[in-house]
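For the sequence shown, my numbering assigns the number 3 to the initial residue and increments by one for each residue that follows.
Just so you know, even glycine gets a beta-carbon here, dropped at the ideal spot from N, CA and C.
A short worksheet on the structure shown next.
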Amino acid sequence: MSDVRGVPATVTVVIPTRGRPRHVVSAVRSALDQTRPPHEVVVVVDGPDPSTEQALAGLDPRVVVVPLLSSGGAAAARNAGVARATGDLIAFLDDDDLWLPAKLQRQWAVLAAATDPWNTVVSTAAFWDTGDGATVWPTRSPRPGEPIAEYLFVRDHAGEGLLATPTILLPRTLAAAHPMDPTMRIHEDLDWFLRLEAAGASFVVLPQPLVRVDASSGRQSLSSQSTWSESLAWSVEHRARLGPRAFSGFVLTEAGRAAVRSDAPLGTRTAILRCAMGGRPRPRDVARYLALNAAPSRLRSWVHARRLGSTS
């Protein structure tokens, strides 16, 4: 498939994986079965994993398996996939998630209509499946001129603003020029979005749910799972890039809620609130954080489960 009016056309799908041969085969098939088929699917095996390599062998001639000698994590695996890719565009997919058949076709149509397709990142909504139900997030697209950090963290309800890596499509030149930071243990995707925006990229989010994300509580991902302390440290380090409103929103929602769920001491939760007040918090975010801290632990657990498991 060649470029149309200078718009990048061929797609390389990049899937990092480790230790889940059955899941990754399903993910690969959902990528191959697109109404606008990809040029290739690059599966990066993050460390020695003979079972996964065997499961992928002979699956389809478009499947390229890149085995890494040692595990470097999700960011390093995705970077390796981008380095091996030959398509004009990169579409990321996780090994336990699935695409709906029209995902690439609809994203490419948006890219083709963009003013500057070579600096445009296209995402979509997704079904977040807990096993007990599915919620469609995000509930809106970025507003014109809205900084991406504020879209992600200055929100009125759960899932209002969201960029999930398995929904992302962007030009290979953009991904190669601005790779994910493989040294980061947490929030490497958020860091990447901020750097893409600083480099001049614009973000478009299709409201249609075109990806099914495994959000079950037992999910184990190549992306590191952060603790409240790590999230707080990350937000303080990147405070200037987040901006005062997004900084406070991140501290209260991401770090703060994680601290409450882990039953951190009251003094710690108070310190998190003080930290958030150093930015520009919205009164509603402060009120919600205080209410969350005042709620009994069983009620907090129930609310958290409802946030993830309510059916849209």
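For residue i and residue j, I'd like the C-alpha separation in whole angstroms.
i           : j           : result
residue 249 : residue 59  : 46 Å
residue 223 : residue 258 : Caution is warranted here: a pLDDT of 44 is assigned to residue 223, below 50, making its placement in the model unreliable, and the coordinate value is therefore given only provisionally. If you take the alpha carbons of residue 223 and residue 258, they lie about 22 Å apart.
residue 226 : residue 82  : Here the model assigns residue 226 a pLDDT of 36, short of 50, so the residue's position is not dependable, and the following value carries that caveat. Taking the straight line joining both Cα atoms gives about 18 Å.
residue 91  : residue 167 : 14 Å
residue 172 : residue 295 : 40 Å
residue 66  : residue 46  : 8 Å
residue 63  : residue 103 : 19 Å
residue 149 : residue 218 : 30 Å
residue 33  : residue 109 : 13 Å
residue 31  : residue 85  : 22 Å
In this structure, does DSSP put residue i in helix, strand or coil?
i           : result
residue 149 : coil
residue 71  : coil
residue 250 : helix
residue 12  : coil
residue 171 : strand
residue 275 : helix
residue 18  : strand
residue 1   : The displayed coordinates of the chain run from 3 to 314. Any statement about residue 1 would go beyond what the structure contains.
residue 35  : coil
Run through the DSSP bridge pairs and tell me what residue i is partnered with.
i           : result
residue 230 : Its beta-bridge partners do not exist; DSSP assigns none.
residue 126 : 208
residue 94  : 16
residue 100 : 214
residue 66  : 44
Since residue i is in the beta strand (DSSP E), which residue starts that stretch and which ends it?
i           : result
residue 204 : 204-216
residue 138 : 136-139
Would you kindly report the start and end of the unbroken alpha helix (DSSP H) that includes residue i?
i           : result
residue 315 : Absent from the structure is residue 315, since the part of the chain shown begins at 3 and ends at 314.
residue 120 : Premise fails: residue 120 is in no alpha helix (DSSP H) and is neither H nor E.
residue 196 : 190-200
residue 86  : 76-86
Measuring CB atoms only, is the region 36-55 touching the region 116-135, in the sense that at least three cross pairs come out at less than 8 Å? No contact exists between the region 36-55 and the region 116-135.
Stretch-stretch touch, CB-based, cutoff 8 Å, three pairs: the region 271-287 with the region 240-256: These segments touch.
Closer than 8 Å is the cut-off here; do at least three beta carbon pairs connect the region 153-167 with the region 203-221? The region 153-167, when compared against the region 203-221, does touch it at the 8 Å Cβ threshold.
Decide yes or no for the touch test of the region 126-144 against the region 62-79: beta carbon pairs closer than 8 Å, at least 3 of them. no
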